[in-house]
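Written below as structure tokens is the structure these notes are about.
Numbering (this note's numbering), first residue to last: 1035 to 1473.
Structure follows, in structure tokens:
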């Protein structure tokens, strides 16, 4: 099998194993099996680091069930194959060619340049951020939860860095981190974990090796600039659009409003936590949320969506098109036409699938289209935020969301390469050009 096929099948295997474990009576607080649909939906959401749920994580699952969910989040965030690579390196000290190909597919890379170093760096980076985050959050949670703060801090830190969005705070207030909407340490720590987990292991490895901005590759600079711009733009937008919304920020002082606007912008980078009610957002804010969710994080990270690199290529292509240029270039470098075509193809695939799925959910369950579109974007981009309609949807819509979460995590391009382009070959025939009218 091709490397991308192995990665896709490994995620499916983890989902199936997790669903079977969650179906055990020991995993449910009620002492009875939760049923196949709830187990499969939760396992898919955890492994694909999404965060959409049918039942509350704290009140529905026992400690055993929560441990299973956290294990799937960690495996899904790192990539199941990463754990296999670590074991192989410890035993054989080096990776075979086939294993390196799998790593390239797992991290969505372009070549096999020192994959072993990247895998080790990914693991070290992950555990360093998760450990630091767990320590800070445990201290913040201790006054309220006592000894339980250790588990809540660890669970929240892993869930945040892996961009999963699962929480074990229950439904107090409006759920998730809403009880900490006035705590800058908690919100900024979780936001930092979300952003760091969404930058991508390749970017972090390059930052550690090169240290200075001028020595970073064009890709890393593009990712960092777009990430900073999207965070700042999103925070400013939500601050302006929600400052007088009684259901979200109207009762908050300016500093608290700014904090929650920044957190809202960060969590839409495919995390799934929230500090303000998503169902109470204005329509214009919901549309902006959908756009930010579909943009997503960066390649080779825990995030989903189109990815910042793809969006960067699309914006550069737009600039070249408006200037009438035949090639796409930036800072003295030309981006290959194949990369541009791949970016356009991915945009069209995501757009068509988004429209088809959102319309289907709206028709099947009779929910407002904007709510269905919000839910669809959240599943496709493996975000996990919701306006609250997920548990009330029918089985058909739940299956659609399961498929979208799986596609969003495995990757649309990797999935197509694995199962559709079995025998890619260059065309042996070159046809004469013809003219078509555009616009």
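Ideal placement from N, C-alpha and C gives every residue a C-beta, glycine not left out.
Start-to-end residues for the alpha helix (DSSP H) that takes in residue 1357: 1342-1357
Under the three-state DSSP convention, the category residue 1383 falls into: helix
Residue 1223 CB to nearest heavy atom of the ligand ADP below 6 angstroms: Of ligands this structure carries none, so the ligand ADP is not represented either.
CB-CB length for residue 1106 against residue 1081, believed under 8 angstroms: 5 angstroms
Integer-rounded CB distance, given that residue 1171 should sit under 8 angstroms from residue 1220: 7 angstroms
Extent of the continuous beta strand (DSSP E) to which residue 1369 belongs: 1367-1369
Under 7 angstroms between C-beta atoms of residue 1439 and residue 1084: yes
Buried or exposed (CB count within 10 angstroms, at least 16 for buried), residue 1078: buried
Reduced DSSP category for residue 1041 - H, G, I as helix; E, B as strand; rest coil: helix
Buried versus exposed call for residue 1327 [16 or more other C-beta atoms within 10 Å across all chains shown]: buried
Close beta carbons around residue 1298, own chain, < 6 angstroms, minus the five adjacent residues each side: 1272
The segment 1390-1398 contacting the segment 1349-1359, beta-carbon criterion three pairs below 8 angstroms: no
Whole-angstrom distance between residue 1375 and residue 1203, CA atom to CA atom: 44 angstroms
Member of 1398, 1235, 1233 and 1420 whose CA lies at the smallest distance from the CA of residue 1313: 1420
Strand pairing of residue 1095, partner residues [DSSP]: 1062
Which of helix, strand or coil DSSP assigns to residue 1083: coil
Counterpart residues of residue 1363 in DSSP-defined beta bridges: 1368
Residue environment, residue 1436, which counts as buried when at least 16 other CB atoms sit within 10 Å: buried
Whole-Å CB distance - residue 1200 paired with residue 1164, under 8 angstroms assumed: 14 angstroms between Cβ atoms; not a contact.
Where residue 1307 falls, given that 16 or more other Cβ within 10 Å makes a residue buried: buried
Anticipated Cβ contact below 8 angstroms, residue 1304 with residue 1338, distance rounded: 5 angstroms
Presumed contact (8 angstroms Cβ cut-off) between residue 1329 and residue 1228, rounded CB distance: Their Cβ separation, rounded to whole angstroms, is 14 angstroms, which puts residue 1329 and residue 1228 out of contact at 8 angstroms.
First through last residue of the alpha helix (DSSP H) which encompasses residue 1424: Here residue 1424 belongs to no alpha helix (DSSP H), and DSSP marks it neither H nor E.
Buried/exposed call for residue 1247, threshold 16 Cβ in 10 Å: exposed
Local conformation of residue 1211 per DSSP, three classes: coil
Other residues of its chain near residue 1214: CB distance less than 6 angstroms, five sequence neighbours each side excluded: 1220
Between the CA atoms of residue 1104 and residue 1318 - distance to the nearest angstrom: 34 angstroms
Residue 1264 versus 1345, 1207, 1231 and 1364, residue with shortest Cα-Cα distance: 1345
For residue 1164, three-class secondary structure by DSSP: helix
Bounding residues of the alpha helix (DSSP H) (the contiguous stretch that carries residue 1433): 1429-1444
Range covered by the alpha helix (DSSP H) that runs through residue 1275: 1252-1276
Supposed close pair residue 1347, residue 1396 - CB separation, criterion 8 angstroms: With 8 angstroms as the limit, residue 1347 and residue 1396 do not qualify as a contact, their Cβ atoms being about 31 angstroms apart.
Buried or exposed by the 16-neighbour rule on C-beta atoms within 10 Å, applied to residue 1284: exposed
Cβ-Cβ distance between residue 1168 and residue 1187 below 7 angstroms: yes
Residue 1402, DSSP secondary structure in three states: coil
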